[in-house]
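Scroll down for the structure; my scribbles are underneath it.
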Amino acid sequence: FVFFICLIGATAGAGIMGAQYYGSGNNDGVRYAFRFKVLSCLAITAVCMFVMMNFGDSLISAFLHEGEGGGDLAATLSFGRQYMKVMYIGMIPFALTQAYSSTLRETGQTVVPMAAGISAVCVNLFFNYVLIFGKFGAPALGVVGAAAATILSRIVELALVAGWSHKNKAENPFIEGVYRNFKIPGAVATKIIRVGAPLLINEVLWALGVSMLAQCYSVRGLDVVAAVNISNTLSNVFNVVFISMGNATGIIIGQILGSGDLKRARDEDTKMIAFSIFCCIATGLIMFCIAPLFPQIYNTSETVRALAESFIRIVGLCMPIYGFVNAAYFTLRSGGKTVIT
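Our numbering applies: residue 77 is where the sequence shown begins, and numbers increase by one.
Dropping the structure here:
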């Protein structure tokens with residue numbers, strides 16, 4: 077999770093500039109922003125792999141506490157170790173996917189990353205079933221199978237977004253000669269770093285804060301960890317609403333700002349923030365209503381189900397707040413006001 081959020085932070089500054097360059101018709105600028113994303117994502121991947129390879133067991137152990145519900149902590153540590161060792165393979169394609177997908181969105185090509193993401197989810201679901209449980213003649217790999225399925229999905233997603241980008245150069249002029257060299261003018265790099273550094277710091281601090289919160293939950297025992305995971309599974313589905321509205325706000329307003337039309341940018345932004353809140357009120361109500369039902373699909377104890385139901389309802393009530401905050405955050409980002417965020 078921290079690795080994923082670091083990638084978002086690393087691509088954010090270049091993404092702001094990329095959207096503005098695209099809005100002003102500067103294809104070279106978009107190309108430089110893309111190169112910056114690739115280099116920064118690979119650098120972060122190297123750092124995160126080093127940390128996980130050398131401190132993986134300690135990091136996993138920080139989240140393992142027996143609590144009141146008991147549980148096999150040694151087995152849980154073993155499963156975490158097995159999962160992490162396989163997941164290393166998928167970190168590089170995942171990092172490159174973020175560079176491609178974010179740039180495509182900033183240049184108005186939102187359908188391709190969405191289709192690639194949906195395809196990746198389908199691949200992940202299918203191979204989870206096949207590799208975890210040993211279906212269709214495949215070995216039952218359990219936790220290792222879950223990790224392998226995730227890696228396959230990330231490779232498929234990268235192949236789709238990168239393949240489409242390079243095949244359709246007329247629609248993506250920035251991709252022409254993008255790997256011929258990795259030259260980025262000093263003025264462009266300096267501007268991206270100045271805009272992006274506060275975002276990267278912000279995202280890293282936020283991710284570490286969320287991880288510390290998860291660690292605090294883990295002190296309450298494996299029952300609470302299980303309930304949080306159930307709640308997060310459903311929340312992540314509905315979070316797509318405010319996350320996508322925020323991204324759309326940042327891209328659209330960034331492009332309008334790049335064209336210099338401040339009056340239109342203000343008008344469009346107000347409407348998008350209002351629409352984000354409206355969508356989140358609707359999704360929050362849905363979450364509140366299905367909270368008693370969703371935990372029932374899990375083979376777990378009534379204690380875990382009751383905790384998960386409470387967590388889901390709290391998230392549902394907070395959805396409108398998330399919708400406003402996220403849209404406001406991307407509004408500030410689109411104009412380069414990253415220190416405020």
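Don't be surprised by glycine CBs; every beta carbon is placed ideally from N, CA and C. What you are looking at is a predicted structure, and each value in this text was computed from that prediction instead of being measured.
Among the options, whose alpha-carbon lies nearest the alpha-carbon of residue i?
i	options	result
residue 307	297, 346 and 367	367
residue 259	104, 83 and 100	104
residue 138	102, 374, 391 and 287	287
residue 180	238, 81, 148 and 269	238
residue 353	249, 364, 290 and 396	396
residue 254	81, 112 and 414	112
residue 173	196, 140, 154 and 388	196
residue 364	345, 389 and 333	389
residue 313	176, 392 and 270	392
residue 264	344, 82 and 110	110
residue 176	194, 242 and 347	242
residue 343	415, 252, 157 and 407	407
residue 409	167, 278 and 379	278
residue 220	387, 108 and 166	166
residue 274	79, 80 and 87	87
residue 183	247, 283 and 206	247
Quick one: give me the first and last residue of the alpha helix (DSSP H) that residue i is part of.
i	result
residue 270	262 to 294
residue 157	149 to 182
residue 389	378 to 410
residue 112	103 to 137
Hey, does residue i have any beta-carbon neighbour from chain B nearer than 8 Å?
i	result
residue 356	You won't find chain B in this structure, because it holds only one protein chain.
Secondary structure at residue i, three-state DSSP: helix, strand or coil?
i	result
residue 336	coil
residue 218	coil
residue 210	coil
residue 99	helix
residue 297	strand
residue 244	coil
residue 253	coil
residue 374	coil
residue 362	helix
residue 258	coil
residue 331	helix
residue 369	coil
residue 83	helix
residue 318	helix
residue 140	coil
residue 434	This structure cannot settle anything about residue 434, because the visible part of the chain is limited to 77 through 417.
Is it right to say residue i is buried, meaning 16 or more other beta carbons lie within 10 angstroms of its own, or is it exposed?
i	result
residue 257	exposed
residue 117	buried
residue 328	buried
residue 151	exposed
residue 371	buried
residue 77	exposed
residue 245	exposed
residue 216	exposed
residue 236	buried
Should residue i be counted as a contact of the ligand FAD given a C-beta to heavy atom distance under 7 Å?
i	result
residue 194	In the structure on display, the ligand FAD does not appear, and there are no ligands present to speak of.
Taking one C-beta from the segment 357 to 373 and one from the segment 305 to 320 each time, how about it: are there three or more such pairs within less than 8 Å? yes
Assess, as a yes-or-no matter, whether the segment 188 to 204 is touched by the segment 222 to 239 under the definition of 3 or more beta carbon pairs within less than 8 Å. yes
Are three or more beta carbon pairs between the segment 153 to 165 and the segment 120 to 133 nearer than 8 Å? Contact holds between the segment 153 to 165 and the segment 120 to 133, because three or more Cβ pairs, one in each stretch, are under 8 Å apart.
Pair every Cβ in the segment 206 to 219 with every Cβ in the segment 122 to 129, then say whether three or more of these pairs are closer than 8 Å. no
Between the segment 89 to 102 and the segment 329 to 342, are three or more C-beta pairs nearer than 8 Å? The way I'd put it, the segment 89 to 102 does touch the segment 329 to 342; three or more beta-carbon pairs between them come closer than 8 Å.
Could you check whether the segment 379 to 386 touches the segment 287 to 305, counting it as contact only if at least three pairs of C-beta atoms, one from each stretch, sit closer than 8 Å? yes
Below 8 Å, how does it come out for the segment 401 to 414 and the segment 339 to 354: are there three or more Cβ pairs, yes or no? Counting Cβ pairs under 8 Å, three or more are found: they touch.
Is the segment 333 to 340 touching the segment 94 to 101, taking contact as three or more C-beta pairs under 8 Å? yes
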